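Numbering (our numbering), first residue to last: -6 to 255. Below is one structure; the comments refer to it alone.
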């Protein structure tokens, strides 16, 4: 019998008692999926007994919990990816959903699965809605094929560094494969953006697809980490570093192209 492929969604949680039900329910209610959907939760030293609020969901055998004590977003996300690569076998796609975010409707994963089938992509980007003060706001963040153009990408990164929120990359909506797994760098408030830029400007030339018409998630702008980083000015500094990282990677790509011409 053929092995049924899996879509594994990694959920990092630290004291997510108030939002975890919304997050998990949005995954479990996905429809028209051919692959098995699995959820891997990495509990990073929570103290709020969040499991009590979703006991009825956790009986699902395709939800697995792993306990870690990093108190660090990037280390927890990297733990999720390494665990998936080591233990889950035939994985078609690896997604992530923070415990205070949710999928936008019941068919978004179906759209992603179809795009994977059509393109055999190593990486898929989708877009997202934004929630602030418990309300979905008008601004949305779309995934665009233009992100594959280095000049366009660098302009977006420059705008991000200058504080323009409309230029933020759709980095929270990335799907990877075992081939394209890369580590999240330990840069608070921008670890997901750094990962996206390193993939988009990688010399490995991943097959990257963009679900341009899909708004995959409702991303929460009021997360504690995001709010704290903005107050400490880490938010802006991280985006300035991100722009410089983009320039560095683009120079490396150009150097490699020049070497090939000799």
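Every residue, glycine too, gets a C-beta built ideally from N, C-alpha and C. Bear in mind that the values here come from a model prediction, so they are computed numbers and not experimental data.
According to DSSP, is residue i helix, strand or coil?
i, result
"residue 63", "coil"
"residue 241", "helix"
"residue 134", "strand"
"residue 247", "helix"
"residue 157", "coil"
"residue 26", "coil"
"residue -2", "coil"
"residue 36", "strand"
"residue 107", "helix"
"residue 180", "coil"
"residue 45", "helix"
"residue 198", "coil"
"residue 102", "helix"
"residue 95", "strand"
So residue i and residue j are supposed to be a Cβ contact under 8 angstroms. How far apart are they, rounded?
i, j, result
"residue 186", "residue 246", "Their Cβ separation, rounded to whole angstroms, is 18 angstroms, which puts residue 186 and residue 246 out of contact at 8 angstroms."
"residue 29", "residue 55", "7 angstroms"
"residue 57", "residue 33", "5 angstroms"
"residue 141", "residue 193", "7 angstroms"
"residue 133", "residue 122", "6 angstroms"
"residue 66", "residue 5", "7 angstroms"
"residue 166", "residue 112", "With 8 angstroms as the limit, residue 166 and residue 112 do not qualify as a contact, their Cβ atoms being about 16 angstroms apart."
"residue 71", "residue 228", "Actually they do not touch by this definition, with Cβ atoms about 21 angstroms apart."
"residue 164", "residue 188", "7 angstroms"
"residue 117", "residue 3", "Contact flag wrong, Cβ pair sits at about 15 angstroms."
"residue 174", "residue 114", "Not really, about 14 angstroms apart at Cβ, beyond 8 angstroms."
"residue 137", "residue 205", "6 angstroms"
Which value, in whole angstroms, describes the spacing of the CA atoms of residue i and residue j?
i, j, result
"residue 144", "residue 101", "30 angstroms"
"residue 62", "residue 41", "15 angstroms"
"residue 26", "residue 248", "43 angstroms"
"residue 170", "residue 203", "15 angstroms"
"residue -3", "residue 96", "23 angstroms"
"residue 49", "residue 60", "19 angstroms"
"residue 47", "residue 15", "10 angstroms"
"residue 68", "residue 179", "7 angstroms"
"residue 125", "residue 226", "19 angstroms"
"residue 44", "residue 161", "33 angstroms"
"residue 211", "residue 129", "8 angstroms"
"residue 238", "residue 131", "30 angstroms"
"residue 17", "residue 36", "14 angstroms"
Along the alpha helix (DSSP H) that carries residue i, what are the first and last residues, could you check?
i, result
"residue 154", "143 to 154"
"residue 188", "184 to 193"
"residue 50", "48 to 51"
"residue 16", "13 to 21"
State the start and end residues of the unbroken beta strand (DSSP E) segment that holds residue i.
i, result
"residue 89", "84 to 89"
"residue 203", "201 to 213"
"residue 115", "Element bounds for residue 115: n/a, residue is neither H nor E."
"residue 140", "That residue, residue 140, is in no beta strand (DSSP E); it is neither H nor E in DSSP."
"residue 167", "167 to 169"
In or out: residue i buried (at least 16 other Cβ within 10 Å) or exposed?
i, result
"residue 120", "buried"
"residue 0", "buried"
"residue 159", "exposed"
"residue 74", "buried"
"residue 168", "buried"
"residue 52", "exposed"
"residue 9", "buried"
"residue 13", "buried"
"residue 139", "exposed"
"residue 215", "exposed"
"residue 250", "exposed"
"residue 155", "exposed"
"residue 109", "buried"
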